[in-house]
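Numbering of the sequence shown is given in UniProt numbering, commencing with residue 1 and proceeding in unit increments.
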Amino acid sequence: MNVFTPKGGELYAEAVPLAQIAQQFSTPTYVYSQTALQEAYREFDEGFAGIDHLICYAVKANSNLAVLNTFAKMGAGFDIVSGGELARVIAAGGDPGKVVFSGIGKAAAEMRQALEAGILCFNIESESELERLNKVAGEMGKVAPISLRVNPDVDAKTHPYISTGLKNNKFGVAYDSAFALYQRAASMPNVSIHGVDCHIGSQLTEIDPFLAALERVLALVDRLAAAGISIRHLDLGGGVGICYRDETPPEIAVYAAKLKERLKGRSFKLLLEPGRALVGNAGVLLTRVEYLKHGEAKNFAIVDAAMNDLMRPALYDAWHDILAVEPRIGTNEIFEIVGPVCESGDFLGHDRELCLEEGDLLAVMSAGAYGMSMSSNYNTRTRAAEVMVNGNDVKLVRKRETVEGLLAGEIVYK
Ligand SMILES: Cc1ncc(COP(=O)(O)O)c(C=O)c1O
Ligand SMILES: N[C@@H](CCCC[NH3+])C(=O)O
1 MNVFTPKGGE LYAEAVPLAQ IAQQFSTPTY VYSQTALQEA YREFDEGFAG
51 IDHLICYAVK ANSNLAVLNT FAKMGAGFDI VSGGELARVI AAGGDPGKVV
101 FSGIGKAAAE MRQALEAGIL CFNIESESEL ERLNKVAGEM GKVAPISLRV
151 NPDVDAKTHP YISTGLKNNK FGVAYDSAFA LYQRAASMPN VSIHGVDCHI
201 GSQLTEIDPF LAALERVLAL VDRLAAAGIS IRHLDLGGGV GICYRDETPP
251 EIAVYAAKLK ERLKGRSFKL LLEPGRALVG NAGVLLTRVE YLKHGEAKNF
301 AIVDAAMNDL MRPALYDAWH DILAVEPRIG TNEIFEIVGP VCESGDFLGH
351 DRELCLEEGD LLAVMSAGAY GMSMSSNYNT RTRAAEVMVN GNDVKLVRKR
401 ETVEGLLAGE IVYK
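Right under this line is the structure:
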């Protein structure tokens, strides 16, 4: 469902005009629709109805506490990649018993924190990590639940920067060494094998790579079972794409039906780690045009949001639709939509046809995933405010940063 729609020509977030939000909270501001978050979660959860499953939302996509709390209330689990993200889940009311911990560089302190909290499973990404966890758990007198993140060497057919399941990626344990490493794990006193995990990449628009990965992983599960190592869950990671422009990602119901079909007769629980598919189209970045600059070769609309707020265009050349919040009747021109940051790569969109005047508001669409969570303070820019809408209710869910706040942790020795 698209909840950012025009009414009478003006762009709304659910029942609230975006212009009203800009007036109230200034710009740049991220605006999230709670209804869209809830619908996306429900669609995923209902898609897998009929089999034992747990949706572990990938916190890195959008880690705002109000977003996490929305999913926690719906019974979600969480996929984390740091102790910081675990602290966020707990602060948002999430259940640590439904948390899986991914990531290739878990520090001993983060392992201790997660063991203390009683998480569901560690997704182990290397032999050294397995050894460290066994040691850390032993020192605490605990047994750590683990899966190995297996790298199935499947081409996710996505942007190379966000593909993770190929042999040459830094993630996971090589498929061919996974069996032997499971045998080692089985002999360790302070880890307990709970599952098998894989995640092949992000923004996948086809189902086939997921099915290919599942085949590989199921073959491993069967081989392990034959050797007396049975699992309680299979974690297939995240990665389902969304439509930014003209992509045709799989419908969740179809993706779920195909996975369920292949999992018939299996007794383990299915875990999934969707990020983008739950939040991507539930958020926009609201920004105001500061200046229009008509150059010899290009026209520029210089807006008050920048690559530090939304780095996907600069990093991946990613496309986000950019819409006028209150469209004007007049002649369209072609604009480069750029931010104030001192980098030529600081753009939000190339060659956008719009009719603009200085002071106009723009909405950068599909910005709910990997927007705020990847933002920075480059150029000592304070990060945007975040607002959550539900119906006609509008709530500030993260205050705009202040320069005093940015400087507070720095020390000058006189
Ligand atoms: C281990 C892991 N799980 C889940 C995700 C979430 O991916 P997506 O946002 O594409 O669903 C990621 C990010 O790619 C990841 O690295
Ligand atoms: N940050 C990426 C996705 C990578 C997901 C992390 N494994 C994006 O904005 O599309």
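The beta-carbon is built from N, C-alpha and C at its ideal position, and this holds for glycine as well.
Does at least one heavy atom of ligand 1 sit under 7 Å from the Cβ of D79? As a first step, residue 79 must be located in the sequence shown, where it is residue number 79. Result yes, Cβ under 7 Å from ligand 1.
Practice task
Please confirm whether any heavy atom of ligand 1 lies closer than 7 Å to the CB of R276.
Solution key: Within the sequence shown, numbered from 1, the residue matching residue 276 stands at position 276. A heavy atom of ligand 1 is found nearer than 7 Å to the CB of R276.
- Message: Bridge partners for S33 per DSSP, in chain order?
- Response: Taking the first residue of the sequence shown as 1, we reach residue 33 at position 33. In the DSSP output, where bridge partners are listed per residue, S33 has V389.
Pull up the CB-CB distance for R149 and S102, whole angstroms please, since I reckon it's below 8 Å. Within the sequence shown, numbered from 1, the residue matching residue 149 stands at position 149. Within the sequence shown, numbered from 1, the residue matching residue 102 stands at position 102. Contact between R149 and S102 is confirmed by a C-beta separation of about 7 Å, below the 8 Å threshold.
So, with DSSP's three-state summary, where would you put K106?
Reading the sequence shown from its first residue, position 106 is the one you call residue 106. Coil at K106, not helix or strand.
| message | To the nearest angstrom, how far is the alpha carbon of Y12 from that of I411? | response | Reading the sequence shown from its first residue, position 12 is the one you call residue 12. Reading the sequence shown from its first residue, position 411 is the one you call residue 411. Roughly 44 Å separates the two Cα atoms.
Length of the line joining the Cα atoms of G105 and M140: Locating residue 105 in the sequence shown gives position 105, counting from the first residue. Locating residue 140 in the sequence shown gives position 140, counting from the first residue. Answer to the nearest angstrom: the Cα atoms are 20 Å apart.
* Is G345 near ligand 1, judged by its Cβ being under 7 Å from some heavy atom? -> Position 345 of the sequence shown holds residue 345. No, Cβ of G345 sits at least 7 Å from all heavy atoms of ligand 1.
query: What do you reckon, is the C-beta of Y370 under 7 Å from a heavy atom of ligand 2?
result: Working through the sequence shown from its first residue, we reach residue 370 at position 370. True, at least one ligand heavy atom lies under 7 Å from that Cβ.
Exercise. Which ranges would you report for the beta strand (DSSP E) in the region 106 to 131 if only whole runs of at least 3 residues count?
Worked result: Entirely contained in the region 106 to 131, the beta strand (DSSP E) runs reaching 3 residues are, in chain order, 121 to 124.
- prompt: From N69 to K298, what does the alpha carbon distance come to, in whole angstroms?
  reply: Walking along the sequence shown from the start, residue 69 turns up at place 69. Walking along the sequence shown from the start, residue 298 turns up at place 298. N69 and K298 have their C-alpha atoms roughly 44 Å apart.
**Request:** Confirm the yes/no value for this check: CB of G195, any heavy atom of ligand 4, distance under 7 Å.
**Result:** With respect to ligand 4, the structure shown offers nothing to examine, as its ligands consist of ligand 1 and ligand 2.
| field | Whole runs of the alpha helix (DSSP H) within the region 66 to 105, excluding any shorter than 4 residues | value | Entirely contained in the region 66 to 105, the alpha helix (DSSP H) runs reaching 4 residues are, in chain order, 83 to 91.
- Task: Leaving out five residues on either side along the sequence, give the residues of the same chain with a beta carbon under 6 Å from the beta carbon of I207.
- Result: Counted from its first residue, the sequence shown places residue 207 at position 207. Closer than 6 Å at the Cβ level, and outside the excluded window around I207, lie P250, Y255 and K258.
Let me make sure I understand the geometry here. Which of V387, N169 and S128 has the alpha-carbon closest to that of P152? Here residue 152 refers to the residue found at position 152 when the sequence shown is read from its first residue. Looking at the Cα atoms, N169 is the closest of the given residues.
Determine the direct distance from the alpha carbon of Q24 to that of T35, and round the result to whole angstroms. For the purposes of this step, residue 35 is identified with residue 35 of the sequence shown, where counting begins at 1. For the purposes of this step, residue 24 is identified with residue 24 of the sequence shown, where counting begins at 1. Take the alpha-carbon of T35 and the one of Q24: they are about 21 Å apart.
Just mark residue 425 as buried or exposed, buried being the case when its beta carbon has 16 or more other beta carbons within 10 Å. Residue 425 lies beyond the range of the chain shown here (1 to 414); nothing can be said about it.
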